[in-house]
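Notes follow the structure.
Residue numbers (our numbering): 2 to 173.
Written out as structure tokens, the structure reads:
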């Protein structure tokens, strides 16, 4: 018998302080690092390598959370990652060939490496940024397509519960 692993979700209410705990943040980052929805763990967020769907196919979370410049954080993650990869490749090249470092060859190799890294890491940067954002701004019913009507039962807010960040206090 194959048992399906359940994906834990947390109801978002002011009475639930576990929403901001470190374990949840690690789970969100783990899901984001594998290009899965940080909220529910569902896959299929990308139509193609660089083309993200507007909503999660499983939980219907809107993947662009509203601001015009929302994904600037993902661009920053992508840029820093590309720079770190090139830095460590360069450092490795220097250490492996010291004291006769082929500077010209190393320069061209690093320039060739900097081009594909951002394109290869781009979808991971987007889902990682979404994970960070979901940790600091947990989703409200308005963050889901259909304002929560399409959510699985374990992800809906209980009747009468208030979102963690009521409209007007969330900065949006």
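For every residue, glycine included, the Cβ atom is placed at its ideal position computed from N, Cα and C.
Computed from a prediction, not measured in an experiment: that's the story for all the values here.
Distance between beta carbons of residue 63 and residue 125, contact taken as under 8 Å
The C-beta distance from residue 125 to residue 63 rounds to 20 Å, too long to fall under 8 Å, and the pair is not in contact.
Let's test the definition: count the other Cβ atoms within 10 Å of the Cβ of residue 108 and tell me whether it reaches 16, buried, or not, exposed.
The C-beta of residue 108 has fewer than 16 other C-beta atoms within 10 Å across all chains shown, which makes the residue exposed.
Give the DSSP-derived three-state secondary structure of residue 138 in the structure shown.
coil
Along the chain, which unbroken stretches of the alpha helix (DSSP H) at least 4 residues long are found entirely within the segment 93-125?
104-115
According to DSSP, simplified to helix, strand and coil, what is residue 32?
helix
Just to confirm, is the Cβ distance from residue 129 to residue 78 under 8 Å?
yes
Residue 16 burial status per 10 Å Cβ neighbour count (16 or more: buried)
Caution is warranted here: a pLDDT of 48 is assigned to residue 16, below 50, making its placement in the model unreliable, and the coordinate value is therefore given only provisionally. It is exposed - the Cβ of residue 16 has fewer than 16 other Cβ atoms within 10 Å.
Expressed to the nearest angstrom, what Euclidean distance is found between the alpha-carbon atoms of residue 27 and residue 101?
Cα to Cα, residue 27 sits roughly 43 Å from residue 101.
Is the Cβ-Cβ distance between residue 49 and residue 42 less than 8 Å?
No Cβ-Cβ contact shorter than 8 Å links residue 49 with residue 42.
So the beta strand (DSSP E) residue 47 belongs to, where does it begin and stop?
Here the beta strand (DSSP E) through residue 47 covers 47-49.
Can you list, in chain order, the residues of its chain whose CB lies under 7 Å from that of residue 56, leaving out five sequence neighbours each side?
62, 63, 64 and 146
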